[in-house]
Amino acid sequence: MASNLGDRFSTLHEIVRAARTNLAPGPWDYLIGGAETETTLRRNRQALDSIAFRPRVLRDVSKVDASATLLGRPTRIPVMLAPIGSIETFAEGGGATAAKAAGAFGVPQMLSSVCNPGLEAVAKAADNVRIFQLYVRGDDAWVDDWVRRAVDGGYAAFCLTVDTACYSRRERDLARRFVKPWRTRAGGFEFQAGLSWDHVKRFKDTHAIPLILKGIATAEDATLAVQHGVEGVYVSNHGGRQLDHGRGAIDALPEVVEAVGGRAAVIVDGAFARGTDVVKAIALGAQAVGIGRLACCGLAAAGQPGLERVLELLEDEIKIAMGLLGVSRLDDLDRSYLCPATPVTLPHATSAFPLLHEEGY
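Those letters in the sequence shown? Residues 8 to 368, by this note's numbering.
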(Lines of atoms letter the chains of each structure in order from A and count residues from 1; the text may use other names and numbers.)
(Lines give C-alpha, C1' and ligand atoms only; values in the text may rest on other atoms or scores of the structure.)
Protein backbone atom coordinates (compact mmCIF):
# COMPACT_ATOMS: atom_id res chain seq x y z
CA MET A 1 0.00 0.00 0.00
CA ALA A 2 1.68 3.16 -1.26
CA SER A 3 0.00 5.64 1.05
CA ASN A 4 0.30 3.70 4.34
CA LEU A 5 -3.06 5.11 5.44
CA GLY A 6 -5.07 1.89 5.25
CA ASP A 7 -5.83 1.70 8.97
CA ARG A 8 -6.84 5.33 9.24
CA PHE A 9 -8.90 5.45 6.04
CA SER A 10 -10.66 2.20 5.18
CA THR A 11 -13.39 3.96 3.22
CA LEU A 12 -13.76 7.04 1.07
CA HIS A 13 -16.30 8.56 3.43
CA GLU A 14 -13.69 8.61 6.20
CA ILE A 15 -11.45 10.68 3.93
CA VAL A 16 -14.28 13.10 3.15
CA ARG A 17 -15.05 13.44 6.86
CA ALA A 18 -11.40 14.22 7.63
CA ALA A 19 -11.35 16.85 4.90
CA ARG A 20 -14.47 18.48 6.32
CA THR A 21 -12.90 18.54 9.76
CA ASN A 22 -9.63 20.02 8.53
CA LEU A 23 -11.06 22.76 6.31
CA ALA A 24 -12.41 26.12 7.42
CA PRO A 25 -15.99 26.95 6.33
CA GLY A 26 -14.90 29.11 3.38
CA PRO A 27 -12.67 26.53 1.68
CA TRP A 28 -15.16 23.73 2.41
CA ASP A 29 -18.02 25.62 0.79
CA TYR A 30 -15.77 26.48 -2.16
CA LEU A 31 -15.07 22.76 -2.53
CA ILE A 32 -18.64 21.47 -2.39
CA GLY A 33 -20.51 24.45 -3.84
CA GLY A 34 -22.02 25.16 -7.23
CA ALA A 35 -23.68 27.97 -9.12
CA GLU A 36 -26.82 29.72 -7.92
CA THR A 37 -29.44 27.07 -6.96
CA GLU A 38 -26.87 24.26 -7.35
CA THR A 39 -29.32 22.39 -9.57
CA THR A 40 -26.64 21.32 -12.06
CA LEU A 41 -24.43 20.13 -9.21
CA ARG A 42 -27.24 17.94 -7.86
CA ARG A 43 -28.18 16.68 -11.30
CA ASN A 44 -24.63 15.47 -11.80
CA ARG A 45 -25.07 13.12 -8.87
CA GLN A 46 -28.71 12.29 -9.68
CA ALA A 47 -27.76 11.31 -13.23
CA LEU A 48 -25.17 8.84 -11.95
CA ASP A 49 -27.64 7.43 -9.43
CA SER A 50 -30.23 7.01 -12.20
CA ILE A 51 -28.13 4.28 -13.84
CA ALA A 52 -28.21 0.70 -12.57
CA PHE A 53 -26.07 -2.27 -13.51
CA ARG A 54 -27.03 -5.43 -15.42
CA PRO A 55 -24.44 -7.94 -14.20
CA ARG A 56 -23.45 -11.11 -16.02
CA VAL A 57 -22.37 -14.23 -14.15
CA LEU A 58 -20.26 -17.34 -14.67
CA ARG A 59 -17.50 -15.37 -16.35
CA ASP A 60 -13.86 -15.92 -15.47
CA VAL A 61 -12.95 -12.85 -13.42
CA SER A 62 -10.12 -14.40 -11.46
CA LYS A 63 -7.86 -11.71 -12.90
CA VAL A 64 -9.34 -8.22 -13.28
CA ASP A 65 -7.31 -5.56 -15.08
CA ALA A 66 -8.46 -1.96 -14.54
CA SER A 67 -5.62 -0.31 -16.46
CA ALA A 68 -6.31 1.98 -19.40
CA THR A 69 -4.69 4.46 -21.77
CA LEU A 70 -5.31 8.15 -22.37
CA LEU A 71 -3.87 9.85 -25.44
CA GLY A 72 -1.60 6.86 -25.86
CA ARG A 73 -0.24 7.07 -22.31
CA PRO A 74 -0.80 4.18 -19.87
CA THR A 75 -2.77 4.84 -16.71
CA ARG A 76 -3.24 2.47 -13.78
CA ILE A 77 -6.99 3.12 -13.63
CA PRO A 78 -9.19 5.15 -16.01
CA VAL A 79 -9.06 8.18 -13.73
CA MET A 80 -7.42 11.58 -14.17
CA LEU A 81 -6.90 14.33 -11.60
CA ALA A 82 -9.18 17.10 -12.89
CA PRO A 83 -7.93 20.70 -12.99
CA ILE A 84 -8.70 22.54 -9.76
CA GLY A 85 -8.30 26.28 -9.35
CA SER A 86 -6.63 27.37 -6.11
CA ILE A 87 -5.79 23.75 -5.24
CA GLU A 88 -3.23 25.14 -2.82
CA THR A 89 -6.22 25.93 -0.59
CA PHE A 90 -6.48 22.24 0.25
CA ALA A 91 -2.88 21.16 0.77
CA GLU A 92 0.53 22.70 1.11
CA GLY A 93 2.31 22.47 -2.23
CA GLY A 94 -0.91 22.67 -4.23
CA GLY A 95 -0.49 21.40 -7.77
CA ALA A 96 2.97 20.01 -7.05
CA THR A 97 1.62 17.85 -4.22
CA ALA A 98 -1.13 16.53 -6.49
CA ALA A 99 1.49 15.82 -9.18
CA LYS A 100 3.52 13.72 -6.76
CA ALA A 101 0.45 11.68 -5.84
CA ALA A 102 -0.49 11.21 -9.49
CA GLY A 103 3.02 10.12 -10.36
CA ALA A 104 3.35 7.76 -7.41
CA PHE A 105 0.04 6.05 -8.13
CA GLY A 106 0.12 6.16 -11.91
CA VAL A 107 -2.69 8.38 -13.19
CA PRO A 108 -2.61 11.55 -15.33
CA GLN A 109 -2.94 15.01 -13.83
CA MET A 110 -4.53 17.99 -15.55
CA LEU A 111 -3.07 21.14 -14.01
CA SER A 112 -5.16 24.31 -13.81
CA SER A 113 -3.56 27.58 -14.87
CA VAL A 114 -5.12 29.26 -11.82
CA CYS A 115 -3.34 27.33 -9.10
CA ASN A 116 0.05 27.37 -7.45
CA PRO A 117 2.97 26.74 -7.63
CA GLY A 118 2.65 27.06 -11.40
CA LEU A 119 3.42 25.19 -14.59
CA GLU A 120 7.19 24.84 -14.29
CA ALA A 121 7.32 24.02 -10.59
CA VAL A 122 4.70 21.31 -10.99
CA ALA A 123 6.59 19.84 -13.95
CA LYS A 124 9.71 19.57 -11.78
CA ALA A 125 7.85 18.05 -8.84
CA ALA A 126 7.14 14.61 -10.29
CA ASP A 127 7.64 12.35 -13.26
CA ASN A 128 3.96 12.02 -14.08
CA VAL A 129 1.72 12.22 -17.14
CA ARG A 130 0.55 15.82 -17.02
CA ILE A 131 -1.77 17.96 -19.10
CA PHE A 132 -1.97 21.73 -18.83
CA GLN A 133 -5.36 23.48 -18.74
CA LEU A 134 -5.61 27.18 -19.59
CA TYR A 135 -8.14 29.90 -18.87
CA VAL A 136 -7.51 32.43 -21.62
CA ARG A 137 -6.65 35.85 -20.18
CA GLY A 138 -4.72 37.33 -23.09
CA ASP A 139 -4.29 37.50 -26.85
CA ASP A 140 -2.93 34.89 -29.27
CA ALA A 141 0.68 35.68 -28.40
CA TRP A 142 -0.17 35.24 -24.71
CA VAL A 143 -1.66 31.80 -25.43
CA ASP A 144 1.32 30.86 -27.59
CA ASP A 145 3.66 31.62 -24.69
CA TRP A 146 1.73 29.28 -22.40
CA VAL A 147 1.86 26.56 -25.05
CA ARG A 148 5.63 26.98 -25.39
CA ARG A 149 6.06 26.72 -21.65
CA ALA A 150 3.88 23.61 -21.50
CA VAL A 151 5.85 21.93 -24.28
CA ASP A 152 9.12 22.85 -22.60
CA GLY A 153 7.77 21.42 -19.34
CA GLY A 154 7.00 18.05 -20.87
CA TYR A 155 3.23 18.30 -20.74
CA ALA A 156 1.57 15.59 -22.84
CA ALA A 157 -1.36 17.74 -24.00
CA PHE A 158 -2.86 21.21 -23.72
CA CYS A 159 -6.44 21.96 -22.69
CA LEU A 160 -8.63 25.00 -23.26
CA THR A 161 -11.62 25.37 -20.96
CA VAL A 162 -14.57 26.52 -23.06
CA ASP A 163 -17.50 26.73 -20.61
CA THR A 164 -16.46 29.88 -18.74
CA ALA A 165 -17.39 32.70 -21.10
CA CYS A 166 -19.02 34.30 -18.04
CA TYR A 167 -17.99 33.69 -14.45
CA SER A 168 -20.95 32.29 -12.54
CA ARG A 169 -22.51 33.37 -9.26
CA ARG A 170 -21.33 30.82 -6.73
CA GLU A 171 -23.53 31.70 -3.83
CA ARG A 172 -21.75 29.72 -1.15
CA ASP A 173 -18.57 31.69 -1.89
CA LEU A 174 -20.49 34.96 -2.03
CA ALA A 175 -22.32 34.31 1.24
CA ARG A 176 -19.05 33.41 3.00
CA ARG A 177 -17.28 36.37 1.39
CA PHE A 178 -14.70 33.77 0.36
CA VAL A 179 -12.33 35.02 -2.32
CA LYS A 180 -10.14 32.43 -4.03
CA PRO A 181 -6.48 33.44 -4.24
CA TRP A 182 -6.39 33.66 -8.03
CA ARG A 183 -9.41 35.99 -8.15
CA THR A 184 -7.42 38.73 -6.43
CA ARG A 185 -4.91 38.85 -9.29
CA ALA A 186 -7.11 37.90 -12.26
CA GLY A 187 -7.87 40.08 -15.25
CA GLY A 188 -8.45 39.72 -18.95
CA PHE A 189 -11.81 37.95 -18.67
CA GLU A 190 -12.83 39.45 -22.00
CA PHE A 191 -10.42 37.12 -23.79
CA GLN A 192 -12.16 34.04 -22.39
CA ALA A 193 -15.52 35.51 -23.36
CA GLY A 194 -14.25 36.11 -26.87
CA LEU A 195 -13.09 32.54 -27.54
CA SER A 196 -14.49 31.02 -30.73
CA TRP A 197 -13.94 28.10 -33.08
CA ASP A 198 -11.57 30.37 -34.99
CA HIS A 199 -9.24 30.25 -31.99
CA VAL A 200 -9.41 26.45 -31.99
CA LYS A 201 -8.54 26.40 -35.68
CA ARG A 202 -5.61 28.74 -35.12
CA PHE A 203 -4.33 26.59 -32.27
CA LYS A 204 -4.41 23.44 -34.40
CA ASP A 205 -2.78 25.27 -37.32
CA THR A 206 -0.04 26.67 -35.08
CA HIS A 207 0.81 24.04 -32.46
CA ALA A 208 1.70 20.34 -32.58
CA ILE A 209 0.83 19.51 -28.96
CA PRO A 210 -2.47 17.56 -28.65
CA LEU A 211 -5.45 19.78 -27.80
CA ILE A 212 -8.33 19.00 -25.45
CA LEU A 213 -11.47 21.13 -25.15
CA LYS A 214 -13.01 21.04 -21.68
CA GLY A 215 -16.65 21.93 -21.22
CA ILE A 216 -18.29 20.17 -24.18
CA ALA A 217 -21.88 19.21 -23.38
CA THR A 218 -23.63 18.54 -26.70
CA ALA A 219 -23.26 16.37 -29.78
CA GLU A 220 -23.19 19.51 -31.93
CA ASP A 221 -20.13 20.93 -30.21
CA ALA A 222 -18.46 17.52 -30.05
CA THR A 223 -18.88 17.24 -33.83
CA LEU A 224 -17.32 20.67 -34.35
CA ALA A 225 -14.45 19.74 -32.03
CA VAL A 226 -13.45 16.66 -33.99
CA GLN A 227 -13.95 18.52 -37.27
CA HIS A 228 -11.35 20.98 -35.99
CA GLY A 229 -8.98 18.10 -35.26
CA VAL A 230 -8.89 18.19 -31.47
CA GLU A 231 -7.46 15.12 -29.79
CA GLY A 232 -9.60 15.23 -26.66
CA VAL A 233 -13.23 16.09 -25.94
CA TYR A 234 -13.84 16.69 -22.24
CA VAL A 235 -17.50 16.41 -21.21
CA SER A 236 -18.02 18.69 -18.23
CA ASN A 237 -20.34 21.28 -16.74
CA HIS A 238 -17.58 22.50 -14.43
CA GLY A 239 -18.89 20.38 -11.59
CA GLY A 240 -22.12 22.37 -11.56
CA ARG A 241 -20.19 25.59 -10.99
CA GLN A 242 -21.05 27.41 -14.21
CA LEU A 243 -24.43 27.17 -15.95
CA ASP A 244 -27.20 26.46 -13.45
CA HIS A 245 -30.04 24.13 -14.49
CA GLY A 246 -27.84 22.13 -16.83
CA ARG A 247 -27.92 18.39 -17.42
CA GLY A 248 -26.00 15.90 -15.40
CA ALA A 249 -22.63 15.32 -17.05
CA ILE A 250 -23.13 11.60 -17.58
CA ASP A 251 -26.47 12.36 -19.25
CA ALA A 252 -24.55 14.32 -21.88
CA LEU A 253 -21.87 11.66 -22.32
CA PRO A 254 -23.63 9.22 -24.71
CA GLU A 255 -24.44 11.78 -27.39
CA VAL A 256 -20.91 13.17 -27.23
CA VAL A 257 -19.37 9.70 -27.54
CA GLU A 258 -21.57 8.99 -30.55
CA ALA A 259 -20.68 12.30 -32.21
CA VAL A 260 -16.95 11.81 -31.61
CA GLY A 261 -17.12 8.36 -33.12
CA GLY A 262 -13.70 7.31 -31.92
CA ARG A 263 -11.93 10.25 -33.55
CA ALA A 264 -10.80 11.71 -30.22
CA ALA A 265 -10.43 10.67 -26.61
CA VAL A 266 -13.48 11.37 -24.47
CA ILE A 267 -13.05 12.45 -20.84
CA VAL A 268 -15.87 13.21 -18.42
CA ASP A 269 -16.21 14.69 -14.95
CA GLY A 270 -19.04 15.84 -12.71
CA ALA A 271 -19.77 14.27 -9.28
CA PHE A 272 -17.78 11.10 -9.96
CA ALA A 273 -16.95 9.86 -6.47
CA ARG A 274 -17.07 6.06 -6.44
CA GLY A 275 -15.58 3.22 -8.42
CA THR A 276 -19.03 2.30 -9.70
CA ASP A 277 -19.36 5.84 -11.11
CA VAL A 278 -16.15 5.35 -13.07
CA VAL A 279 -17.31 1.99 -14.42
CA LYS A 280 -20.57 3.54 -15.63
CA ALA A 281 -18.70 6.21 -17.59
CA ILE A 282 -16.39 3.66 -19.21
CA ALA A 283 -19.39 1.51 -20.17
CA LEU A 284 -20.86 4.58 -21.89
CA GLY A 285 -17.71 5.14 -23.93
CA ALA A 286 -15.45 7.47 -21.96
CA GLN A 287 -11.71 6.79 -21.89
CA ALA A 288 -11.10 8.56 -18.58
CA VAL A 289 -12.97 10.11 -15.66
CA GLY A 290 -11.82 13.31 -13.99
CA ILE A 291 -12.03 13.59 -10.21
CA GLY A 292 -11.95 17.03 -8.65
CA ARG A 293 -13.77 17.35 -5.34
CA LEU A 294 -12.75 13.84 -4.29
CA ALA A 295 -9.10 14.60 -5.06
CA CYS A 296 -9.30 17.76 -2.96
CA CYS A 297 -10.77 15.76 -0.09
CA GLY A 298 -7.78 13.44 -0.21
CA LEU A 299 -5.40 16.38 -0.16
CA ALA A 300 -7.27 18.13 2.65
CA ALA A 301 -7.44 14.93 4.69
CA ALA A 302 -3.76 13.98 4.53
CA GLY A 303 -1.86 15.73 1.74
CA GLN A 304 -0.13 13.58 -0.88
CA PRO A 305 -0.69 10.29 1.01
CA GLY A 306 -4.36 11.18 1.39
CA LEU A 307 -4.77 11.62 -2.35
CA GLU A 308 -2.90 8.39 -3.02
CA ARG A 309 -5.27 6.63 -0.61
CA VAL A 310 -8.26 8.03 -2.52
CA LEU A 311 -6.87 6.50 -5.70
CA GLU A 312 -6.18 3.16 -3.98
CA LEU A 313 -9.76 2.95 -2.74
CA LEU A 314 -11.13 3.92 -6.13
CA GLU A 315 -9.04 1.17 -7.71
CA ASP A 316 -10.47 -1.38 -5.25
CA GLU A 317 -14.02 -0.24 -5.98
CA ILE A 318 -13.49 -0.29 -9.75
CA LYS A 319 -12.07 -3.81 -9.71
CA ILE A 320 -14.83 -5.11 -7.44
CA ALA A 321 -17.51 -3.59 -9.69
CA MET A 322 -15.88 -5.09 -12.77
CA GLY A 323 -15.63 -8.52 -11.21
CA LEU A 324 -19.23 -8.50 -10.04
CA LEU A 325 -20.38 -7.35 -13.48
CA GLY A 326 -18.56 -10.29 -15.03
CA VAL A 327 -15.84 -8.37 -16.91
CA SER A 328 -12.10 -8.71 -16.53
CA ARG A 329 -11.03 -5.82 -18.80
CA LEU A 330 -12.38 -2.31 -19.28
CA ASP A 331 -12.70 -2.97 -23.02
CA ASP A 332 -15.36 -5.57 -22.22
CA LEU A 333 -17.69 -2.91 -20.80
CA ASP A 334 -20.47 -1.49 -22.95
CA ARG A 335 -24.01 -0.15 -22.55
CA SER A 336 -25.47 -3.65 -22.23
CA TYR A 337 -24.25 -3.63 -18.62
CA LEU A 338 -26.38 -0.57 -17.78
CA CYS A 339 -30.07 0.25 -17.50
CA PRO A 340 -32.21 3.15 -16.18
CA ALA A 341 -33.09 3.16 -12.49
CA THR A 342 -34.81 5.29 -9.88
CA PRO A 343 -32.37 7.01 -7.49
CA VAL A 344 -32.71 6.04 -3.85
CA THR A 345 -30.82 9.00 -2.35
CA LEU A 346 -31.50 12.72 -2.58
CA PRO A 347 -28.55 14.16 -4.51
CA HIS A 348 -26.12 16.64 -2.99
CA ALA A 349 -22.39 17.21 -2.88
CA THR A 350 -21.66 14.33 -0.48
CA SER A 351 -24.60 12.02 -1.16
CA ALA A 352 -22.25 9.38 -2.60
CA PHE A 353 -21.14 8.79 1.00
CA PRO A 354 -24.33 8.00 2.96
CA LEU A 355 -22.47 6.84 6.07
CA LEU A 356 -21.24 10.40 6.54
CA HIS A 357 -24.74 11.26 7.62
CA GLU A 358 -25.39 8.32 9.95
CA GLU A 359 -24.51 8.36 13.64
CA GLY A 360 -21.78 5.95 14.64
CA TYR A 361 -19.82 6.05 11.39
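Each residue gets a CB set at the ideal place from its N, CA and C atoms; glycine is no exception.
Just so it is clear, the structure is predicted and the values come from calculations on it, not from any experiment.
Beta-bridge partners assigned by DSSP to A75: T82. Residue nearest to L332 within the set T283, T357, Q294 is T283 (criterion: CA-CA distance). Residue burial annotation: L321 is buried, with at least 16 other C-beta atoms found within 10 angstroms of its C-beta. The shortest C-alpha to C-alpha distance from S69 to any of C346, G330, G102 is the one to G330. If you check the CB distance, R80 and V136 come in under 8 angstroms. When the alpha-carbon of A302 is set against those of G33, R15, S17, L38, the nearest one is in L38. By the Cβ-count criterion, G201 is exposed, with fewer than 16 other Cβ atoms from all chains shown falling within 10 Å of its own Cβ. One Cα belongs to A308, the other to E319, and the distance between them is close to 15 angstroms.
V264 and I223 have their C-alpha atoms roughly 11 angstroms apart. For F139, the enclosing beta strand (DSSP E) covers residues 137 to 141. Taken atom to atom, the span from the alpha-carbon of A226 to that of G313 is near 37 angstroms.
Exclusion of the five residues before and after L345 leaves I58, A59, F60, R61, K287, A290, L291 as the residues of its chain whose Cβ lies within less than 8 angstroms of its Cβ. The beta carbons of L141 and Q116 sit no closer together than 8 angstroms.
Counting only runs of 3 or more residues that sit fully inside the region 277 to 324, the beta strand (DSSP E) segments are 295 to 298, in chain order.
Between R49 and P354, the CB-CB gap stays under 8 angstroms. For Y162, no pairing in a beta bridge is given by DSSP. Put simply, the backbone Cα of A271 is about 15 angstroms away from that of V207. Around the CB of L181, fewer than 16 other CB atoms lie within 10 Å, so the residue is classed as exposed. Taking 8 angstroms as the cut-off, the beta carbon of V296 is found no closer than this to the beta carbon of V267.
The straight-line gap separating the alpha-carbon atoms of F16 and V317 is approximately 9 angstroms. Between K221 and S243, the C-beta spacing is below 8 angstroms.
D72 sits close to S335, with the two beta carbons spaced by under 8 angstroms. Annotation for A271: no alpha helix (DSSP H) segment contains it, and DSSP assigns it neither H nor E. Rounded to whole angstroms, the Cβ separation of R176 and A42 is 6 angstroms, and the two are in contact under 8 angstroms.
By the 16-neighbour rule on beta-carbons within 10 angstroms, V237 is buried.
Distance between G269 and W153, taken at the CA atoms: about 28 angstroms.
Between the alpha carbons of E127 and V351 lies a gap of roughly 45 angstroms. Counting the other Cβ atoms within 10 Å of the Cβ of A172 gives fewer than 16, which makes it exposed.
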